[in-house]
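Presented below is the structure to which this report refers.
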Amino acid sequence: MEQGSWGQPGTGNKGRNLDLLISHLLRAGVMVATLLTVAGACLYLLHHGGQPVTYDIFRGEPPDLKGLSAVWHDALSLSGRGLIQLGLLVLIATPVVRVLASAMAFMAAGDRLYLLITMAVLVLLLASLFGWLG
Amino acid sequence: MSIALFTVLVWLCSLLAGGLGALTGLGGGVVMVPLLTLAFGVNIHYAIGASLISVIGTSSATAIAYVREGFSNIRVGMVLEIATTLGAICGAWIGGWIDPGTIAVIFGFVLLFSIAFRGPAENNVSDRRPVDRITRALKLDGSFPVAGTRQPYVVRNVPGGFVLMYVAGILSGLLGIGSGAVKVLAMDRAMKLPFKVSTTTSNFMIGVTAAASAGIYLSRGYIDPGLAMPVVLGVLPGALIGARLLPKLGTPLLRRLFALVLLALAIQMIAKGLWGGI
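Here you go:
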């Protein structure tokens, strides 16, 4: 790859192939997320489908649906809401993967300025996701 | 209402909203929040959380189509994403402090703006002025495909675009929408990018922006799996079907009808926000 060329549209097939690879990765992420959410939805509706809805009052979610590790633990125990939340987390992670892949591509192209810019975006994203900013 | 019935109804509405949002280019998130709060009586924080996730999903699922076309400018997107993610984090913060009525009023006005917003302003390509310093330092110029060849373009007014993108980020984090209209406005009008480049680069940015605020919504407990599930599972396939139907359908009439629905929702959001009921 020509130095510093990735990320500009129309700079060769290599960059284009990388973009395509990233978007395939994104689509796979969306599919996994959808499957998890659908599976969780079945369990959730099976167990709670008959209960009344109470979304009019905001209470906040219980602690086990807020943190990354807690959601993971819930999903493993096959709770419907936990599985859905895991699916939603996978979905939230897809843009992060996109930024991460861009960072690696800028690094491979030896583009230090854009590696720095991309890392800044990545740090902001991760800080938000790990709840350091909440 | 039982959870089963609620889930089915919200799913159907989300499917329709996602499809119409894609067909008209107005986006699905912009309908879901007012629909959930006004028609289903859902608390606005939950509605925004659910909508944010569907915005992320739509952006990632449709990325492949945009990449194939070869229009998006990742460099421009990445520079501006610093502004949108910072804005999104601020917006999510603000959303936790101001009262739901105020959020509803702001939502209504942003909705009115999206309806009024129309396509490209002018022909941005035939610009022959010398390139500014920031654009050169950031290596932002690009080219896009026109009739088999690649047409070069220059990028203008990076600071202006940056500020507008920060605002777009705040709105996205505060209201749970992609704020594609403001993003396109920043790139098309302020930075003079070709319209097609603006819209596709905006798609790339929308997912990253929404993810930045989604983290905060998650840790605050604004994302409820029972509500987000039918919204995401509806908006996503809806948007994909809508995008597929787009070339086959003539959309001016559809857009006008959808704009009328949005107008009604905007007025209701403002009224209920001002006089209570949200």
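Chains as they are written, first to last, in the numbering used here: chain A, 1 to 134; chain B, 1001 to 1278.
Even glycine gets a Cβ: it sits at the ideal position worked out from N, Cα and C.
Rounded C-alpha distance that separates residue i from residue j
i: Arg1189(B); j: Ile84(A); result: 40 Å
i: Arg1068(B); j: Gly1148(B); result: 14 Å
i: Gly1091(B); j: Val1146(B); result: 38 Å
i: Thr54(A); j: Gly1176(B); result: 21 Å
i: Ala1264(B); j: Leu113(A); result: 47 Å
i: Thr94(A); j: Tyr1153(B); result: 30 Å
i: Ser1054(B); j: Pro1225(B); result: 12 Å
i: Ala1186(B); j: Ile1056(B); result: 20 Å
i: Ala1271(B); j: Pro1034(B); result: 12 Å
i: Trp1275(B); j: Leu1112(B); result: 19 Å
i: Lys1284(B); j: Ala108(A); result: For residue 1284(B) there is no data in the structure shown, the boundaries of chain B being 1001 and 1278.
i: Ala41(A); j: Phe1144(B); result: 43 Å
i: Ser128(A); j: Gly29(A); result: 20 Å
i: Leu43(A); j: Leu116(A); result: 44 Å
i: Val97(A); j: Val1167(B); result: 24 Å
i: Leu1193(B); j: Val1235(B); result: 29 Å
i: Gly1025(B); j: Val1197(B); result: 15 Å
i: Thr37(A); j: Arg1156(B); result: 43 Å
Secondary structure of residue i, DSSP reduced to three states
i: Ser77(A); result: coil
i: Thr54(A); result: coil
i: Tyr1153(B); result: strand
i: Gly1142(B); result: strand
i: Ser1060(B); result: helix
i: Phe1040(B); result: coil
i: Phe1113(B); result: helix
i: Gly1277(B); result: coil
i: Ser23(A); result: helix
i: Gly1018(B); result: helix
i: Phe146(A); result: There is simply no residue 146(A) to check, as chain A begins at 1 and stops at 134 in what is shown.
i: Asn1073(B); result: coil
i: Gly1148(B); result: coil
i: Trp1097(B); result: helix
i: Ser1051(B); result: helix
i: Phe1162(B); result: helix
i: Leu1035(B); result: helix
i: Trp132(A); result: coil
i: Leu1080(B); result: helix
i: Gly1025(B); result: coil
Inter-residue CB distance, residue i and residue j (contact presumed, cutoff 8 Å)
i: Leu1262(B); j: Val1031(B); result: 7 Å
i: Leu1138(B); j: Val1042(B); result: Not really, about 42 Å apart at Cβ, beyond 8 Å.
i: Gly1019(B); j: Ile1241(B); result: 5 Å
i: Tyr1217(B); j: Gly1049(B); result: 5 Å
i: Leu1023(B); j: Leu1257(B); result: No, Leu1023(B) and Leu1257(B) are not in contact; Cβ-Cβ is about 11 Å, not under 8 Å.
Delimiting residues of the alpha helix (DSSP H) encompassing residue i
i: Met1191(B); result: Element bounds for Met1191(B): n/a, residue is neither H nor E.
i: Gly1238(B); result: 1225 to 1245
i: Ser1179(B); result: Element bounds for Ser1179(B): n/a, residue is neither H nor E.
Cβ-heavy atom distance, residue i to the ligand GDP, below 7 Å
i: Gly49(A); result: You won't find the ligand GDP in this model; it holds no ligand whatsoever.
Identity of the residues DSSP links to residue i by a beta bridge
i: Ser1219(B); result: DSSP output for Ser1219(B) lists no bridge partner at all.
i: Ser1202(B); result: In the DSSP output, where bridge partners are listed per residue, Ser1202(B) has none listed.
i: Ser1002(B); result: Pro52(A)
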